[in-house]
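Scroll down for the structure; my scribbles are underneath it.
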Amino acid sequence: MKRDLLSLTGQEYDLLVIGGGITGVNIAWDATLRGLRVALLEKRDFGAATSANSLKTVHGGLRYLQDGSLRLVRKMVRERQALLRIAPHLVHPLPVIMPTAKGKLMRSKLLLGTAVKLNDLFSMDRNLGMDPSRKLPNGRILSRSEAAQMLPGLDHESLSGAVMWHDAQVYNSERLLLAFLLAAAHKGAQIANYVGVTGFLRQGERVVGVTAVDELTGTPLQVRAQLVVNAAGPWIDQLLADLGTAAAPPQFKLSTAMNLVTRQIVPNYAVGLTSHYEQSLPDGSVAKRSRVLFIAPWRDYSLVGTLHASYNGQPDDNWLSEQTIMAFIDEVNQAYPGAKLSRQDVYQVHRGFLPAIDSTDATMVKLVREGQATDHAVEDGVEGLITAVGVKYTTARYLAETVVDLAYKKLKRPIPDCQTRQHPVCGGYIRHFEAYRASSIEQWPLEMPLYQLERLLRNYGSTHRHLLPYFSVDQAWQQPVSGETDVTRAELVHAMRQEMACKLSDLVLRRTEIGSAQQPDPATLHACARLMAVELGWDDKRIDQEVEEVMGVYSASLS
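Under the numbering used here, think of the first position of the sequence shown as 33, with each following residue one higher.
Following this line, the structure appears as structure tokens:
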């Protein structure tokens, strides 16, 4: 995958996607796989904005049983199954526990036990044709003593037991997004990061492409296409303002979302907990609220979330405050007293936006449940433009299928069958992960610590041998970039040469595991920057600038 702006601007595409988050990259992958000529532009780096904020959980829809949304339950089950199938190196089963409580109907063992049994019924086909290591067991009802043993940090006074079911977790969500993107690029999509769209090219009432700027050089660009898909996430409406059409409700009503990366709280299971908090109302009164918190083990850490809030600002504003973080830590400790989290236990704060439903009650947030595709020819008379609003990793593939079906209709071409529920992403050509793991370890030709090879298999899957030339050319590249990380120099060089890493933040935050959990030490950052300097021709000033920029990303987490 090469950043080639000359080739990008030298042709007309069937479909141009604006936005390199999880929604945009899925659209590009599906459209390319079905035979369209596709381009994708991302203003920053791929997955650097809203898609960077993730609990890394692939939900199967148990929550939607509560209000009888059986269609949504089935959709989520199918999409979870698809991700386990097409990205087996990156997506794996995750056991989840939810405690039951005495004297509380909505948290009773009877109600929640019935829910997990119904969940088994509505997902009874979830393991058909699946890799044995990616099959999900039936749910269980746990006794009070079992629950107390598994969740020792819980207040046991009202505990009556628990229920357990299985969802799935993404080992590395940044590389999952990249796996979709690389798959699209390998099939012929023209892709570029750091290209910001500044407006639409028009012929009368038809959009025929975009104007853009190379964010790295300031060079203006034009990219032409028969159809444009606006998948810019929270910036969707800023782009639509360029159309100059009559005022309309926003396509993406902003609400904030925050997740924490902390020291590990519960090591073996994800836990759904009910928390209680107080919310100040506009009239000065205080309302008592409750919500479900999720604590999931991830590598050697815990992911804790999600804190949602209504929002009336702009997507580029800094809305996160230290007070918000501290209040959320207190809420987590109240829900799970054994956590005993302090501010120093929070290693990183992920924040972003989710689309909300417009409401007259500014104190409550009701999230959009399903991705939405808008044909602007129908909405406001502008041909050649589709807007796609995604809501989560789990259903991004399904939304992409909907958008590409619509694109074929607008292009007046027969609609080919969508292949993305079965077709592996880049690195996903693995039928049985454990067997593949064993054979790959046996056949690896270089001496390497086992934990390093297993880490490569987790991140790169069936493409892990693509790193062999880098390990072979320079023995120094076989070594970790510093004593504070396991990531090797070979992975950094590969990311620059084959995965379009243009900045230090790309390497540290999205191509490798160096900074995905907590801030790397300055020595590691400088070592990475010096390696990039050799490849990209940076001087000392640029090295310092890149390091400072990465450290700024973590400032809100560590203040």
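Each residue gets a CB set at the ideal place from its N, CA and C atoms; glycine is no exception.
- Judged by DSSP in its simplified three-state form, residue 309 adopts strand.
- Annotation: residue 586 is outside any beta strand (DSSP E) and is labelled neither H nor E by DSSP.
- With respect to the 8 Å criterion, residue 130 and residue 144 are classified as neighbours on the basis of their beta carbons.
- Per DSSP, the continuous beta strand (DSSP E) segment holding residue 387 begins and ends at 378-387.
- Judged by pairs of C-beta atoms under 8 Å, the stretch 445-463 does not touch the stretch 412-426, as fewer than three such pairs exist.
- Here residue 452 carries a coil assignment [DSSP, helix/strand/coil].
- When the beta-carbon positions are compared, residue 338 and residue 87 come within less than 8 Å of each other.
- Pairing residue 229 with residue 271, the inter-Cα distance amounts to about 8 Å.
- Note that the stretch 566-585 does not touch the stretch 241-261; fewer than 3 beta-carbon pairs, one per stretch, sit closer than 8 Å.
- Residue 268 holds the alpha-carbon nearest to the alpha-carbon of residue 55 among 220, 268, 170.
- The beta carbon of residue 572 sits closer than 6 Å to none of the beta carbons in its chain outside the five residues before and after it.
- Contact between the stretch 280-293 and the stretch 339-352 is present: 3 or more CB-CB pairs across the two stretches fall below 8 Å.
- Looking at the backbone, the Cα of residue 178 and that of residue 550 are separated by about 33 Å.
- The beta carbon of residue 567 sits closer than 8 Å to the beta carbons of 525, 528, 529 from its chain, once the five residues preceding and following it are set aside; these are given in chain order.
- When C-alpha distances from residue 166 are compared across 428, 150, 462, the shortest belongs to 462.
- DSSP places residue 291 in the strand class (E or B) of the three-state scheme.
- Its chain contains 53, 265, 266, 384, 385 as the residues whose beta carbon lies nearer than 7 Å to that of residue 82, once the 5 sequence neighbours on both sides are disregarded; these appear in chain order.
- Between residue 126 and the set 95, 105, 135, 202, the nearest pair of CA atoms involves 202.
- Listed in chain order, the non-local C-beta contacts of residue 169 below 7 Å within the same chain comprise 198, local neighbours out to five positions each way being set aside.
- For residue 192, the enclosing beta strand (DSSP E) stretches over residues 191-202.
- In the structure shown, the three-state DSSP call for residue 370 is helix.
- In this model, residue 236 and residue 275 are separated by some 11 Å (Cα to Cα).
- Distance from residue 180 to residue 382 at the Cβ level is roughly 31 Å; contact not present, criterion being Cβ atoms closer than 8 Å.
- In this structure, the alpha-carbon of residue 209 lies about 15 Å from that of residue 114.
- A direct Cα-Cα distance of roughly 10 Å separates residue 332 from residue 298.
- Taking residue 183 as reference, the option from 328, 318, 76, 323 with the minimal CA-CA separation is 328.
- As a beta-bridge residue in DSSP terms, residue 259 pairs with 47.
- Its chain contains 310, 311, 312 as the residues whose beta carbon lies nearer than 8 Å to that of residue 318, once the 5 sequence neighbours on both sides are disregarded; these appear in chain order.
- Leaving aside the five residues that flank residue 219 on each side, the residues in its chain whose CB is nearer than 7 Å to its CB run, in chain order, 64, 65.
- Cβ contact annotation for residue 303 (same chain, cutoff 6 Å, sequence separation greater than five): 129, 327, in chain order.
- When rounded, the separation of the alpha-carbon atoms in residue 419 and residue 578 is 34 Å.
- Contact holds between the stretch 249-265 and the stretch 36-51, because three or more Cβ pairs, one in each stretch, are under 8 Å apart.
- For residue 527, the enclosing alpha helix (DSSP H) stretches over residues 521-530.
- Annotated three-state conformation of residue 435 is helix, per DSSP.
- If you look at residue 181, you'll find it in the alpha helix (DSSP H) that goes 176-182.
- The residues 228, in chain order, have a CB closer than 6 Å to that of residue 75 in the same chain once the five nearest residues on each side in sequence are set aside.
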